[in-house]
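Asker:
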Amino acid sequence: MIEFSYDPPDVPLSVLYRDDDILVADKPAGLLSVPGKLPGRDDCLIARLAAEYPRVLLVHRLDCDTSGVMVFALHKPAQGALGKQFERREVEKTYLARLWGRLSPATGRVDLPLCADWPNRPRQMVSHDHGRAAQTDWEVLAQTDTETRTRLRPLTGRSHQLRVHMAELGHPILGDPIYATGPARAFPRLMLHAESLRLRHPGTGQMMTFTAPCPF
44 MIEFSYDPPD VPLSVLYRDD DILVADKPAG LLSVPGKLPG RDDCLIARLA
94 AEYPRVLLVH RLDCDTSGVM VFALHKPAQG ALGKQFERRE VEKTYLARLW
144 GRLSPATGRV DLPLCADWPN RPRQMVSHDH GRAAQTDWEV LAQTDTETRT
194 RLRPLTGRSH QLRVHMAELG HPILGDPIYA TGPARAFPRL MLHAESLRLR
244 HPGTGQMMTF TAPCPF
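Quick note: the working numbering has the sequence shown finishing at residue 259, numbered continuously throughout.
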């Protein structure tokens, strides 16, 4: 099992949207979405939100090292309705990432099944025998000689999906402490940001898109 130190950032809450049914926040990199299992990991986004919005309820998660948009419910019916949208893959998610090397072609799809690498948790791995289906679409936005800026659209929601899929292409996400090695790992944070969520509002039924500015 891989263990990491936990030093959550001391930054103010960033609430992007709130009404009677939902709350949308911009999670900073380095902060857990929910309390961790190990001691000293109680500080997390939902705990910080609950201090100001006691009714807040979890709908989905982002990796600790990933920043960006998260939606929360403010009552049980909204939590259930949003949860069903995620389960049915009706929520459209986009991420921005900086990758090692020059990714080609300009667009494509990774279709590789994933499962936990149990002796090396929380690491995940590709397994055609035991993995669950996982698909990620990519779009190249810009390139230099050493890196590629991409927009990623996960069609499924497996743990570490984007991180493993990009590493399997030979272009790990910069700053990834688990899947990147050498110079690709030597960045101050994981260069992965949840840019937007498009979903149906659980109260009004209206389609809404929420975005968070990319910090890198």
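Idealized CB from N, CA, C, for every residue including glycine. Predicted model only: the values in this text are computed from it and were never measured.
Please determine, among M113, A72, R243, T109, the residue with the shortest C-alpha to C-alpha distance to L92.
Answerer: Answer by Cα proximity: M113.
Asker: For the region 243–257 and the region 108–124, state whether three or more C-beta atom pairs, one from each stretch, are separated by less than 8 Å.
Answerer: Yes, since at least three Cβ pairs between the region 243–257 and the region 108–124 fall closer than 8 Å, the two stretches touch.
Asker: Have a look at the DSSP bridge pairing and note the partners of C158.
Answerer: For C158, which the question treats as bridged, DSSP gives the partners M168.
Asker: Name the one or two DSSP bridge partners that R201 has.
Answerer: According to DSSP, R201 bridges with nothing at all.
Asker: How many Å lie between G200 and F129 at the Cα?
Answerer: When rounded, the distance between both Cα atoms is 8 Å.
Asker: Where do the ends of the beta strand (DSSP E) carrying L100 lie?
Answerer: No beta strand (DSSP E) contains L100, which DSSP labels as neither H nor E.
Asker: Taking one C-beta from the region 227–241 and one from the region 161–170 each time, how about it: are there three or more such pairs within less than 8 Å?
Answerer: Judged by Cβ distances under 8 Å, the region 227–241 makes no contact with the region 161–170, as fewer than three pairs qualify.
Asker: Roughly how many angstroms separate the alpha carbons of P71 and E46, rounded to a whole number?
Answerer: In a straight line, the C-alpha of P71 is about 20 Å away from that of E46.
Asker: At 3 residues or longer, what runs of the beta strand (DSSP E) sit wholly inside the region 63–146?
Answerer: Fully enclosed beta strand (DSSP E) runs of 3 or longer: 65–70, 110–116, 135–143.
Asker: Going along the chain, which residues of its own chain have a beta-carbon closer than 6 Å to the beta-carbon of D180, five neighbours each way excluded?
Answerer: Closer than 6 Å at Cβ, skipping near neighbours: R152, R196.
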